[in-house]
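Structure first, commentary second.
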């Protein structure tokens, strides 16, 4: 198990290095001049631009620029925003805390809805199964930003007393904080819950036909005991894998949802930075987001290995 974990951690480091290189090169491939963007104006004297390029290391070879940026990033220095002139790391951490709250709430909602509807479809066949699968097909076809827009329109038109847009900090009012994140989290969670539901349904149906489940029924065990100790435990492995991959993808889906609901998270920060061509912020967000996704996937792999001992062989 130790060798397995160390191998996954080594892959995580390699992937992050690759992502950092791609993010750096993509920023340099965008049309425009970094020095002009840093100056904040098109009408800048050539001497000033030369000084900015020297300060930013833009006068050095591309690989030297990357190694310099990577070295600073490893020490926590993600650069300075071209717009606010403040260190990117401080602003990013504030936004990241909001995004983590949103994605964790969405993950809880998605897991609860997915497992519940998947179990219902597997155990209550017929009309229930048909309705659940119809709902799943509909949610798979509708992007989360469309769901978010429909939620805003629905509550704005028919429930104006409910505050839909905006964000309340947790320390200011915990209940208001939960209320401000509930609808955005629901918009994020619906598509993810569908994947969890389909995997739960398929896994439970497969395990239900196994011989050890038949023996448990023959022993006279209660349906609740069979469901808890036999069906769910043995159906958990593929569900954990699918759920982990989709929950990690919530981070990417939060970009448009945060913008629609006016949530000051990392997604909206990225959206605003792209509009203002704030390159250091974009690089930092891509690197941090990739790090979170890779870390979550690594933890899912480790959890998978703990659940299914065959993975360690």
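In the working numbering, the protein residues as written are 197 to 509.
No residue lacks a Cβ here, since even glycine has one placed at the ideal position from N, Cα and C.
Secondary structure remark: continuous alpha helix (DSSP H) runs of at least 4 residues inside the segment 331-364, in chain order: 340-354. The beta-carbon distance between residue 208 and residue 479, rounded to whole angstroms, is 19 Å. This is too long to meet the 8 Å contact definition. In the structure shown, residue 276 falls within a strand segment according to DSSP collapsed to helix, strand and coil. By the CB criterion at 9 Å, residue 396 and residue 336 fall outside the cutoff. For residue 203, the enclosing alpha helix (DSSP H) begins and ends at 198-225.
The three-state reading of DSSP puts residue 257 in coil, since its state is none of H, G, I, E or B. Taking the CA atoms as reference points, residue 383 sits about 24 Å from residue 496. Taking one beta carbon from each stretch, the segment 266-286 and the segment 348-358 have fewer than 3 pairs nearer than 8 Å; the two do not touch.
In this structure, the alpha-carbon of residue 432 lies about 54 Å from that of residue 232. Within the model, the alpha-carbon separation for residue 329 versus residue 346 is close to 21 Å. Around the C-beta of residue 406, fewer than 16 other C-beta atoms lie within 10 Å, and the residue is accordingly described as exposed. Residue 288 is positioned such that its CB atom lies no closer than 9 Å to that of residue 216. Residue pairing by DSSP leaves residue 242 without any beta bridge partner. Unbroken alpha helix (DSSP H) stretches of 4 residues or longer found wholly inside the segment 273-326: 284-319, given in chain order. In the displayed model, residue 417 falls within coil according to three-state DSSP, outside both helix and strand. In chain order, 295, 298, 299, 384, 461 and 463 place their CB closer than 7 Å to the CB of residue 450, counting only its own chain and leaving out the 5 sequence neighbours on each side.
Taken through DSSP and simplified to helix, strand or coil, residue 448 comes out as helix. Secondary structure at residue 406: coil, using DSSP grouped into helix, strand and coil. When the alpha-carbon of residue 348 is set against those of 378, 325 and 204, the nearest one is in 378.
Bounds of the alpha helix (DSSP H) holding residue 466 are 462-472. Spatial neighbours of residue 280 in its own chain (CB-CB distance under 8 Å, excluding positions within 5 residues in sequence) are listed in chain order as 287. The C-beta distance from residue 381 to residue 452 rounds to 14 Å, too long to fall under 8 Å, and the pair is not in contact. The alpha carbon of residue 435 has as its nearest neighbour, out of 499, 204 and 352, the alpha carbon of 499. Residue 483 and residue 319 have their alpha carbons spaced roughly 43 Å apart. Within the same chain, and ignoring the five residues on either side of residue 360 in sequence, the residues whose Cβ sits closer than 8 Å to its Cβ are 347, 348, 351, 352, 379 and 457.
By the neighbour-count definition (other C-beta atoms within 10 Å, threshold 16), residue 251 is an exposed residue. Classified as exposed, residue 322 has fewer than 16 neighbouring CB atoms from the shown chains inside 10 Å of its CB. Classified as exposed, residue 362 has fewer than 16 neighbouring CB atoms from the shown chains inside 10 Å of its CB.
Residue 375 is not a Cβ neighbour of residue 313, given a cutoff of 9 Å.
Shown here, residue 478 sits in a helix according to DSSP, grouped into three states. For the pair residue 332 and residue 390, the Cα-to-Cα distance works out to about 5 Å. When DSSP states are grouped into helix, strand and coil, residue 430 belongs to the helix group.
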